[in-house]
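This report concerns only the one structure given below.
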Amino acid sequence: GENVEQHPSTLSVQEGDSAVIKCTYSDSASNYFPWYKQELGKRPQLIIDIRSNVGEKKDQRIAVTLNKTAKHFSLHITETQPEDSAVYFCAASLNFGNEKLTFGTGTRLTIIP
Amino acid sequence: NAGVTQTPKFRVLKTGQSMTLLCAQDMNHEYMYWYRQDPGMGLRLIHYSVGEGTTAKGEVPDGYNVSRLKKQNFLLGLESAAPSQTSVYFCASRYLAGGAGNEQFFGPGTRLTVL
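Chain order of the listed sequences is A and B.
Position in the first sequence (first residue = 1) + 21 = my numbering.
Position in the second sequence (first residue = 1) + 8 = my numbering.
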């Protein structure tokens, strides 16, 4: 089955700086890669996703890049703000033919004011 | 719409006791999932269902059972609780159409402690 590794496990950045979280996956057939954000004490929520027919996707201050050859994808947050402090999870799956997401172990991002 | 709801929010059990966690969704989603979240281990899939009357094992199914008698409800049962089952449990649901590339909507979680 799919295995997703996520690094780093914790990350602290100054407010206004950029943050990058990286994930690698094992199954070359995977073609759907979402990112979920979980604020303290809250439920995980989807913030952005990418499919393997594109290499990059942006949504305001967040972007995700995908390198299918190397089997890794990354979350980029620019101009970080205090409300970006949360745990971020990457995940991987087949878009069709597989009902399950395999999640990474999470990155706790802390924005330092 | 309430979205995905979970009952109860908190529970403390003694080793060997049994309990059932209830997940309900009002979005007419076909797929439903139960995850457990432990520090440093992310979200691990326990069981899931692709429709009313169906269930399937996930990554960590041992010690748990599930039932999906109605499309809107997905029950997670612990027959004989163990301290290793102390965790936060999340339910999630999503539409069938569009494959896995549809957002999973999570419930608020249930914090379970087994003494």
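Ideal Cβ placement from N, Cα and C applies to all residues, glycine included.
Here the structure is a predicted model, which means the values were calculated and not measured.
Please report how far the alpha carbon of residue i lies from the alpha carbon of residue j, in whole angstroms.
i, j, result
"B/Phe98", "B/Leu77", "19 Å"
"A/Pro103", "B/Arg44", "27 Å"
"A/Ile83", "A/Ile98", "5 Å"
"A/Glu26", "A/Ser47", "9 Å"
Return yes when the Cβ of residue j is within less than 8 Å of the Cβ of residue i, no when it is not.
i, j, result
"B/Met49", "B/Ala89", "no"
"A/Ser51", "A/Ser114", "yes"
"A/Gln35", "A/Ile133", "yes"
"A/Leu122", "A/Ala112", "yes"
"B/Ala100", "B/Gly115", "yes"
"B/Thr118", "B/Pro47", "no"
"B/Ala32", "B/Thr62", "no"
"B/Leu21", "B/Leu83", "no"
Any Cβ of chain B within less than 8 Å of the Cβ of residue i?
i, result
"A/Arg82", "no"
"A/Thr126", "yes"
"A/Ser30", "yes"
"A/Leu67", "yes"
"A/Glu100", "no"
"A/Leu87", "no"
"A/Lys121", "yes"
Please tell me whether residue i has its Cβ less than 8 Å away from any Cβ of chain A.
i, result
"B/Phe98", "yes"
"B/Gln112", "yes"
"B/Leu53", "yes"
"B/Gly117", "yes"
"B/Met49", "yes"
Applying the criterion that 16 or more other CB atoms from any shown protein chain within 10 Å of the CB defines a buried residue, is residue i buried or exposed?
i, result
"A/Arg72", "exposed"
"B/Asn110", "buried"
"B/Phe18", "exposed"
"B/Val122", "buried"
*Do the region 37-54 of chain A and the region 122-132 of chain A make contact, defined as three or more Cβ pairs closer than 8 Å?*
With a cut-off of 8 Å, the region 122-132 of chain A and the region 37-54 of chain A count as touching, because enough Cβ pairs lie within range.
*Could you tell me whether the region 66-73 of chain B touches the region 42-57 of chain B, where touching means 3 or more Cβ pairs closer than 8 Å?*
yes
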